[in-house]
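First comes the structure, then the notes that go with it.
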Ligand SMILES: [Zn+2]
Ligand SMILES: [Zn+2]
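Right, here's the structure in full:
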């Protein structure tokens, strides 16, 4: 069983859906090279990731969720063998990171923002994340074997460039279709 790294409580209220500014600040764990892990606080958009690092390594930001996306406050992330490999070598097998990378992809969290055209979710819903985003159009995807899609973007992997950042961040925007709601049978396990 993989050890779990639980994020600290972050004071995101239910108001995240109605943030007045387009962007917000988040804290992220970012790997810059072998054994070179930094905790950074950000205020620049996630999509501008390669650019902002040359401007300000101390900050990083997240925008309001786009169409079809949810904003998730990450609550827990398991540490996978691939994360350990990136941490030690900045590479995983043949995949070498070429830019700073947040690790983590086995995650669950709470919905704190809902983008346009998303139905079936409410603020506060607990979700497990599926972090491999397939193209949805190729023959493999159309056959329902989307997990084998060759164009898949996978969080915390160096396979796609720019890298699809991992979940060791306070919050991420993620396609709602790849967020799976769940209910605890035992309230003891509630995040609170
Ligand atoms: Zn994994
Ligand atoms: Zn595909």
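Residue numbers (this note's numbering): 37 to 228.
A virtual CB, placed ideally from N, CA and C, is assigned to each residue, including glycine.
Option in the options with minimal Cα separation from residue i
i           : options            : result
residue 205 : 195, 142, 151      : 142
residue 120 : 187, 196, 71       : 71
residue 185 : 173, 192, 194, 118 : 173
residue 215 : 125, 134, 158      : 158
residue 187 : 170, 197, 180      : 170
residue 134 : 150, 198, 104      : 198
residue 153 : 74, 212, 65, 66    : 212
residue 194 : 125, 103, 104, 74  : 125
residue 219 : 74, 68, 145        : 145
Beta-carbon spacing of residue i, residue j below 7 Å
i           : j           : result
residue 217 : residue 161 : yes
residue 61  : residue 97  : yes
residue 109 : residue 148 : yes
residue 150 : residue 106 : yes
residue 191 : residue 202 : yes
residue 209 : residue 101 : yes
The beta strand (DSSP E) enclosing residue i, as first and last residue numbers
i           : result
residue 186 : Residue 186 -> no beta strand (DSSP E), and no H or E assigned at all.
residue 145 : 142 to 150
residue 110 : 105 to 114
residue 216 : 215 to 217
residue 208 : 207 to 211
Endpoints, the alpha helix (DSSP H) within which residue i is located
i           : result
residue 117 : 117 to 125
residue 171 : Element bounds for residue 171: n/a, residue is neither H nor E.
residue 177 : 175 to 178
Residue i: CB within 6 Å of a non-hydrogen atom of ligand 3
i           : result
residue 170 : Ligands present in the displayed structure are limited to ligand 1 and ligand 2, and ligand 3 is not among them.
Inter-stretch contact at 8 Å, needing at least 3 Cβ pairs: the stretch 137 to 151 / the stretch 111 to 120 = With a cut-off of 8 Å, the stretch 111 to 120 and the stretch 137 to 151 count as touching, because enough Cβ pairs lie within range.
For review: beta carbons within less than 6 Å of any heavy atom in ligand 1 = Here the list is 116, 118, 141, 142.
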